[in-house]
Amino acid sequence: VEETVVIGTKGRLTIQSPGHCPTRLHVSIKAQGRGQSAEEIQYDFALPEDTEEIAKAGGYFYPNSAGFCYEAAAVARCIAAGKTQTPQYTLQETLVNMTMVDEIRSQLGVKQIEVSK
106 VEETVVIGTK GRLTIQSPGH CPTRLHVSIK AQGRGQSAEE IQYDFALPED TEEIAKAGGY
166 FYPNSAGFCY EAAAVARCIA AGKTQTPQYT LQETLVNMTM VDEIRSQLGV KQIEVSK
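Spelled out as structure tokens, the structure:
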């Protein structure tokens with residue numbers, strides 16, 4: 106199962122499978138006491154219907170890939186507006202995320218692949 110769980114002090118978020126392009130998010134809000142849940146919320150995000158062109162081309166290779174159309178549309182809107190980043194995920198947030206990924210790799214001892222020039 107390809108899902109992501111984020112646990113915090115006020116509860117947990119479960120991004121349900123497939124993690125690369127999910128259609129469901131489950132929120133569990135913590136109650137007082139160990140292991141108790143005050144509220145459970147589920148959010149569903151429908152995938153768009155395949156266009157005729159996509160169907161003729163054979164569809165997608167990976168489950169729920171149609172969901173990437175939302176990301177592509179956001180990029181197109183930003184380009185049309187002359188923006189160099191999206192307000193939903195800024196360059197600064199990208200850099201913070203990549204710094205965390207680099208730190209995780211370092212702590213795990215994962216070596217980066219050398220790219221020859």
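Residues 106 to 222 in the numbering used here are what the sequence shown spells out, letter by letter. We put the beta carbon where it would ideally sit given N, CA and C, even for glycine.
- If you keep only unbroken alpha helix (DSSP H) runs of at least 4 residues inside the stretch 146 to 221, you get 157 to 161, 173 to 185, 196 to 213.
- Boundaries of the beta strand (DSSP E) harbouring S133: 129 to 135, taken from the DSSP string.
- I159 and V215 have their C-alpha atoms some 38 Å from each other.
- In the same chain as P127, and ignoring 5 residues on each side of it, the C-beta atoms closer than 6 Å to its own belong to I120, Q121, in chain order.
- Cβ-Cβ distances below 7 Å link S170 to C126 in the same chain, with the five nearest sequence neighbours on each side left out; the list follows chain order.
- Residue pairing by DSSP places T119 opposite V110, H131 in a beta bridge.
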